[in-house]
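Colleague: Just so you know, the protein sequences line up as chains A and B, in that order. As numbered in our numbering, residues 1 to 330 make up the first sequence, in order. As numbered in our numbering, residues 1001 to 1328 make up the second sequence, in order. For every residue, glycine included, the Cβ atom is placed at its ideal position computed from N, Cα and C. One structure coming up, written as structure tokens, with questions to follow.
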Amino acid sequence: MNEVVFEAKNLKKHFFLRKSLKDTFQGKAAPVVHAVDDVSFTVKKGEIVGVVGESGCGKTTLGRVVLKLLEPTDGSIVVEGQDITKLSPEKMKPYRRKMQLVFQDPFESMNPRLDIYSIIAEPLRIQGLDKNEAEVEAKIRKTLEEVELKPADEYIYRYPHELSGGQRQRIAIARALVLDPEFIVADEPVSMLDVSIRGEVLNLMLRLAKEKQVSFIYITHDLATARHICDRIVVMYLGEAVEQCSADELVYSPLHPYTKALISAVLPPKPQKDGIKVILEGEVPNAANPPSGCRLHPRCPIAQKICTKESPKLKDVGNNHLVACHFAKK
Amino acid sequence: MALLEVKDLKMYYKVRRGDVKAVDGVSFEIEKGEAMGLAGESGCGKSSMATTLLRLLPNNGRILDGSIKFDGKEILDLPEEQFRQDYRWQRMSIIFQGAMNALNPVHRIGKQISEAIITHENVSKNEAKKRAEELLEMVGINSERYRNYPHEFSGGMKQRAVIAMALACNPDLIIADEPTTALDVMVQAQVLEAIQSLRKKMGLSMLLISHDLSVIAQTCDKVAIMYAGRIVEYGPSTKVYNNPLHPYSYGLLSSFPDIMAPRSPIQSIPGSPPNLLEPPSGCRFSPRCPLADSKCFTDEPELMAIDGKNHLVACHKAGALGKVGEQS
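Given below as structure tokens:
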């Protein structure tokens, strides 16, 4: 359980926007969107790591950079001890097997003209593992059973439109799983599904992590589900990781003001007397022009002078609980 | 007397393959100043309920049966023109689902709000503008932004502008159709808080339509759970949430994890909602229900009072729910 399968070190991804005419005349530099700024985390074997944040905080970009679908601007990606940041596409191919992706929308992420067999076989063909068709079929059947689409016969020759959203998302997981990857990045895998079937998909991820020792990076805006399936959670705000620790610790003793606000904004599922609490006013600022110092300071209830100038470093406050705030104390 | 009284309402969409029974015999009441939540999964007919109430149905949507009484007066048989003049927006208005799409991108925000006022009331342009500015302030937007275009607003502000628009003619009832679904959690809390305080200030009644039971839990006095075009459970929020009697309500409620609860697997309901072209016979939830027996597959249960007068459930097995809890 302690073997590290993936490590992101000081990952950065900046998008350079086009200069406006006005900026050109004024001699200003082109605006840069700091989508991911100095994010580090590790994923151990069989662990589910949650990346949580509001829209525009860079969590999806982080997911893509982690898989090298986007080249990082800076920092390094280490898979099973090997730095893959600078590898050429050909040399990447064996590593692609180890890292897979499940998309948000199960309705758009599958070719409607392919049957389930072809959809799940495609990664095997790309990796050149389709020498023996009988083996391919056996592998597909086994994978379908692993994602609890049993009996496999009932699904294998059907088309995506014949399946419900939850079943399609299982197919998406099966497609990622068929290569026996070390870890899977799941980008909002349940946000398009109905509430009553989200649990099925999330519990499937949990089971695969425990039984098959596949690690997951679960990218979501929903802290409540992350809390129940993740081992560790990384909270992001405007491209930066502001806090990371075990799921229990995050929920029961959050240290960063943003995490606290995020937790309090999750509405309790039963009626409460005190109603809705709003801790942070306003909305997430533009990532092309983030505030100076600590990026939360214009909205932060405990901000002091230092917060406007100095960006707080992510520091360990004990028990592997990392937080980036000048005033966070255990 | 209730402000809104809906009885046995049926609204079907005619499609080539038959009728989609989106609203199939729905009854509920909303008192003055009360907030009711209508909860259910996608495709259960909850948004159709909203468009039926305001007569905003597409051409193939037909109201077959039932009655809608507003303030004691039957409004279902009113001529369209009279309904438009006296009821839509004047007495009841709607906050649409995606604020991003409810605003016209090429018109200024303030203009769009005052347009609603001018259309429905006999006021001058200046007066309408003044009212629109007040409305913007009321929902927490600086009135100087009257001349902004929608793209200059953030998501939360657009949703607030849509709320201001719904309040333009001082309605008695607002229908909020998934008012916060497209918003981030933090902004969702802000918008819900704005809706709540406006409701208190203006004594508004509200019908809140949402798939998110936690949103309804924090804002509504009573709740109706809808499944496949019918209400399966109906009662005060405290009763329905703390003591759900229908297996579907129970399942749906336990699908929402509590962030503060100890780590545990997230519950789900096996199967998926039925096709409303041919809903299952008997109880519509029976194919997914862990408690269903032969009676459930043939007889459709009626909505009946079980636990006290105001808590209604449509289930043959309403008393047996404890067993589901033990199984899961």
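Does the structure place the stretch 1020-1036 of chain B close enough to the stretch 1252-1272 of chain B that three or more beta carbon pairs sit under 8 Å?
Modeller: Judged by Cβ distances under 8 Å, the stretch 1252-1272 of chain B makes no contact with the stretch 1020-1036 of chain B, as fewer than three pairs qualify.
Colleague: Please report the distance separating the alpha-carbon of L1103/B from that of D105/A.
Modeller: If you take the alpha carbons of L1103/B and D105/A, they lie about 26 Å apart.
Colleague: Compare the beta carbon distance of P312/A and C294/A with 8 Å and say whether it is the shorter of the two.
Modeller: Yes, the Cβ-Cβ distance between P312/A and C294/A is below 8 Å.
Colleague: Do you know offhand how far R113/A's Cα is from E122/A's?
Modeller: Cα to Cα, the separation comes out at about 13 Å.
Colleague: Grouping DSSP H, G and I as helix and E and B as strand, with all else coil, what is Q1082/B?
Modeller: Correct three-state label for Q1082/B: helix.
Colleague: Within the 8 Å Cβ cut-off, does A1217/B reach chain A?
Modeller: Cβ-Cβ to chain A under 8 Å: yes for A1217/B.
Colleague: Helix or strand or just coil, what does DSSP make of M1001/B?
Modeller: Coil, per DSSP.
Colleague: Using a Cβ-Cβ distance under 8 Å, would K13/A count as near chain B?
Modeller: It does not: the Cβ of K13/A has no partner Cβ on chain B nearer than 8 Å.
Colleague: Which whole-angstrom value describes the C-beta separation of S215/A and E7/A, a residue pair presumed to lie in contact below a C-beta threshold of 8 Å?
Modeller: Between E7/A and S215/A the Cβ distance is about 12 Å, and since that is not below 8 Å, they are no contact.
Colleague: When Cβ atoms are compared, which residues of the stretch 1189-1218 of chain B fall closer than 8 Å to chain A?
Modeller: If the cut-off is 8 Å between Cβ atoms, the stretch 1189-1218 of chain B has A1189, Q1190, L1192, E1193, Q1196, H1211, D1212, L1213, S1214, V1215, A1217 and Q1218 near chain A.
Colleague: Which chain B residues are close to A224/A, counting only those with a beta carbon under 8 Å from its beta carbon?
Modeller: Simply F1256, P1257, D1258 and I1259.
Colleague: Is there a C-beta anywhere in chain B that falls below 8 Å from the one on K44/A?
Modeller: It does not; no Cβ of chain B falls within 8 Å.
Colleague: Any idea if D83/A is buried or exposed, counting beta-carbon neighbours within 10 angstroms, 16 or more meaning buried?
Modeller: By the 10 Å Cβ count, D83/A comes out exposed.
Colleague: Which same chain residues end up closer than 6 Å to D1019/B when comparing Cβ atoms and leaving out the 5 residues on each side of it in sequence?
Modeller: Correct list, in chain order: Y1012.
Colleague: Based on the DSSP secondary-structure assignment, which residues constitute the bridge partners of T42/A?
Modeller: DSSP lists E7/A as partners of T42/A.
Colleague: Could you list the residues in the stretch 25-36 of chain A with a C-beta less than 9 Å from some C-beta on chain B, going in chain order?
Modeller: Hits within the stretch: zero.
Colleague: I'd like to check one pair, Y218/A with A332/A: are the Cβ atoms closer than 8 Å?
Modeller: Any answer about residue 332/A is impossible in this case: the structure gives chain A only from 1 up to 330.
Colleague: Are there 16 or more other CB atoms within 10 angstroms of the CB of R1017/B, so buried, or fewer, so exposed?
Modeller: Exposed.
Colleague: Starting from Q82/A, follow its DSSP beta bridges and name the residues at the other end.
Modeller: Partner(s): V79/A.
Colleague: Given 7 Å as the limit, tell me if D74/A has its C-beta closer than that to any heavy atom belonging to the ligand SAH.
Modeller: Absence of the ligand SAH is noted for the structure shown, with no ligands found whatsoever.
Colleague: Among K22/A, D74/A and K68/A, whose alpha-carbon lies nearest the alpha-carbon of K91/A?
Modeller: Looking at the Cα atoms, K68/A is the closest of the given residues.
Colleague: Would G1235/B be called buried (16 or more neighbouring beta carbons within 10 Å of its own) or exposed?
Modeller: Buried, because 16 or more other Cβ atoms sit within 10 Å of the Cβ of G1235/B.
Colleague: At the 8 Å Cβ level, is V266/A part of the contact set with chain B, yes or no?
Modeller: It does: the Cβ of V266/A has a partner Cβ on chain B nearer than 8 Å.
Colleague: In chain order, what residues of the same chain have a beta carbon less than 7 Å from the beta carbon of T85/A, not counting five sequence neighbours either side?
Modeller: For T85/A, where only same-chain residues beyond five positions count, the Cβ hits under 7 Å are P72, S76 and I77.
Colleague: Ignore the nearest five residues each way along the sequence and tell me which others in A1182/B's own chain have a CB closer than 6 Å to its CB.
Modeller: Here the set comprises G1098.
Colleague: Sort K1014/B, A1116/B, I1118/B and E1302/B by Cα distance to L1057/B and report the nearest one.
Modeller: The option with the nearest alpha carbon to L1057/B is K1014/B.
Colleague: Less than 8 Å separating the beta-carbons of A172/A and V66/A?
Modeller: Their beta carbons are not under 8 Å apart, which means A172/A does not touch V66/A by this criterion.
Colleague: Give a yes or no on whether the minimum CB-CB distance between V1324/B and chain A is below 8 Å.
Modeller: Low confidence applies here, because V1324/B scores a pLDDT of 44, under 50, leaving its location unreliable; read the following figure in that light. By this cut-off, V1324/B is not an interface position.
Colleague: Among A247/A, G199/A and N286/A, which has the Cα closest to the Cα of P1257/B?
Modeller: Of the candidates A247/A, G199/A and N286/A, the one whose C-alpha sits nearest the C-alpha of P1257/B is G199/A.
Colleague: Out of K45/A, S40/A and A174/A, state which residue places its alpha-carbon closest to the alpha-carbon of E3/A.
Modeller: Per the Cα distances, K45/A.
Colleague: May I have the straight-line CA-CA distance separating S1254/B from P1244/B, to the nearest angstrom?
Modeller: Cα to Cα, the separation comes out at about 10 Å.
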